[in-house]
Amino acid sequence: MKLMHVDASAKRERSNSRSLARFFLDRLSERTSVEVDYLDVAIDTPPHVTEAFAIATYTPEENRTQAMRDTLAHSDALCRRLLQADALVFAMPMYNFSIPSAFKAFVDNIVRTNITYKQAVDGSYVGQLERQKTLFITTRGADLRPGGPLAAYDALTPSLRAAFGFIGVSSPWFVDAQPLQFADQEAREAALARARAELDEVAVEWAEGN
Ligand SMILES: Cc1cc2nc3c(=O)[nH]c(=O)nc-3n(C[C@H](O)[C@H](O)[C@H](O)COP(=O)(O)O)c2cc1C
1 MKLMHVDASA
11 KRERSNSRSL
21 ARFFLDRLSE
31 RTSVEVDYLD
41 VAIDTPPHVT
51 EAFAIATYTP
61 EENRTQAMRD
71 TLAHSDALCR
81 RLLQADALVF
91 AMPMYNFSIP
101 SAFKAFVDNI
111 VRTNITYKQA
121 VDGSYVGQLE
131 RQKTLFITTR
141 GADLRPGGPL
151 AAYDALTPSL
161 RAAFGFIGVS
171 SPWFVDAQPL
181 QFADQEAREA
191 ALARARAELD
201 EVAVEWAEGN
């Protein structure tokens with residue numbers, strides 16, 4: 001399968017989200033053949049939204065100037081990479097209860113009218129990424145699991161569900177490793193072990209074509 005893998009942690013060798021994503025790709029590759037298209041948004045951060053982008057993106061394609069097309073070229077290319085993939089793996093830490101800003105810049109580049117979502121004649125929106133299996137691997141310092149006292153602070157999960165749901169990712173997989181920082185060593189190790197076990201299950205499911 002063709003898989004697009006995006007990392008977003010500011011940390012490199014010490015990053016838990018990067019290492020969990022590598023773990024998942026290793027497990028998946030043991031079971032099926034995987035061709036990876038890799039993007040590190042902490043290094044190759046997509047351009048932030050500018051005034052030129054905001055105008056160009058909502059200008060109908062046939063009315064765009066060459067300058068507008070140039071402005072959108074990077075975002076067009078990112079959208080193409082997503083659409084060409086069979087599967088998507090996004091690994092990121094929680095920063096201040098939500099997604100890292102570098103990943104938000106990526107999201108702002110890939111939610112695109114007439115590319116990753118279209119409008120039907122009845123006015124409804126049709127996401128174009130329905131085909132892509134999608135896995136979000138998130139790492140959190142605290143424990144924000146549902147039912148716990150910090151659950152209400154999780155603005156990351158709803159934000160990913162909204163943006164990606166809109167472009168067609170209706171049933172993503174989530175593996176959330178938590179708590180990885182603000183807890184004792186035993187709790188951190190248990191959280192990593194739980195996440196690896198869940199990733200192993202997702203790898204089996206994906207390799208079996210589910
Ligand atoms: C700037 C910053 C903000 C953070 N904000 C949160 C937060 O809001 N909630 C949380 O649970 N952990 C927070 N953390 C902790 C990280 O989410 C946690 O250490 C995670 O495991 C980092 O993933 P990584 O190892 O892939 O970088 C924050 C860390 C940093 C550096």
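76 is the number that my numbering gives to position 76 of the sequence shown; each next residue is one higher, with no gaps.
Backbone N, C-alpha and C fix where the C-beta goes; we use that ideal spot for every residue, glycine too.
**Request:** Please list, following the chain, all residues that have a C-beta closer than 5 Å to any non-hydrogen atom of ligand 1.
**Result:** Ser9, Lys11, Ser15, Asn16, Ser17, Pro93, Met94, Tyr95, Asn96, Phe97, Thr139, Arg140, Gly141, Ala142, Leu180 and Gln181
**Prompt:** In the DSSP assignment, what are the bridge partners of Lys2?
**Reply:** Taking the sequence shown and counting its residues from 1, one reaches residue 2 at position 2. Bridge partners of Lys2: Glu35.
**Nearest residue (CA-CA) to Phe136, options Asp86, Gly148, Thr157 and Ile43** = Residue mapping note: residue 136 aligns to position 136 of the sequence shown, counting from 1. The residue with the shortest Cα to Cα distance from Phe136 is Thr157.
**Request:** Determine the closest residue to Pro46 out of Asn109, Tyr153 and Ser159, with distance taken between C-alpha atoms.
**Result:** Within the sequence shown, numbered from 1, the residue matching residue 46 stands at position 46. Considering only alpha carbons, the answer is Asn109.
**Request:** Quick one: residues in its chain with C-beta nearer than 8 Å to the C-beta of Ala177, no 5 flanking neighbours on either side, listed in chain order?
**Result:** Taking the first residue of the sequence shown as 1, we reach residue 177 at position 177. Closer than 8 Å at Cβ, skipping near neighbours: Asn16, Ser17, Leu20, Ile137, Thr138, Thr139, Arg140, Ala191, Leu192, Arg194 and Ala195.
**Asked** What are the uninterrupted segments assigned as alpha helix (DSSP H) that are 4 or more residues long and contained completely in the region 7-68, given in chain order?
**Response** 16-31 and 51-57
**Asked** Should Ala10 be labelled buried (16 or more other beta-carbon atoms within 10 Å of its own) or exposed?
**Response** The count along the sequence shown starts at 1 and reaches residue 10 at position 10. By the neighbour-count rule (16 or more Cβ atoms within 10 Å), Ala10 is not buried but exposed.
**Asked** Is Tyr38 closer than 8 Å to His74 when the C-beta atoms are compared?
**Response** As a working mapping, residue 74 is identified with position 74 in the sequence shown. As a working mapping, residue 38 is identified with position 38 in the sequence shown. No. Outside cutoff.
**Request:** Using a threshold of 8 Å, state whether the C-beta atoms of Asp44 and Asp7 are closer than that.
**Result:** Residue 44 sits at position 44 when you count from the first residue of the sequence shown. Residue 7 sits at position 7 when you count from the first residue of the sequence shown. No; because the gap between Cβ atoms is not below 8 Å, this pair is not in contact.
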